Amino acid sequence: MKLSESAVGYSRKGLRKIKDEELEQCCNVLHMDGMPCVYTDEEFRQILTDAEREGNASDEDVRGFFAKWGI
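Per my numbering: the sequence shown = residues 977 to 1047.
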């Protein structure tokens, strides 16, 4: 951190609130009517077949993907 940047501090109560909010968001996802990424056996077989048909990512593809985060 640079000296010109202000530091952020959280109290225990503040951290607990953040943690509770994140936990609530996770619980909301788990209790949705339509769970994301849940497939029937037939749908999963098709997704798997399509993924295998596409093959492996090239080194260039992987580098490009991680370059988004400066890695």
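Ideal Cβ placement from N, Cα and C applies to all residues, glycine included. Just so you know, these numbers come straight off a predicted model, no measurement behind them.
Exercise. In chain order, which beta strand (DSSP E) runs of at least 3 residues are fully inside the stretch 1007-1037?
Worked result: none
Exercise. Roughly how many angstroms lie between the CA atoms of Gln-1001 and Cys-1013, to the nearest whole one?
Worked result: Your numbering for residue 1001 matches position 25 in the sequence shown. Your numbering for residue 1013 matches position 37 in the sequence shown. Put simply, the backbone Cα of Gln-1001 is about 17 Å away from that of Cys-1013.
Problem set entry | DSSP state of Lys-989 mapped onto helix, strand, coil | Here the question's residue 989 lines up with position 13 in the sequence shown. Residue state, collapsed to three classes: helix.
Problem set entry | Span separating the alpha-carbon of Gly-1031 from that of Gly-1046 | Taking the sequence shown and counting its residues from 1, the one referred to as residue 1031 is at position 55. Taking the sequence shown and counting its residues from 1, the one referred to as residue 1046 is at position 70. Each residue's Cα considered, the two are about 25 Å apart.
Exercise. Quick one: what does DSSP say Gly-1040 is sitting in, helix, strand or coil?
Worked result: Counted from its first residue, the sequence shown places residue 1040 at position 64. The answer is helix: DSSP assigns Gly-1040 an H, G or I state.
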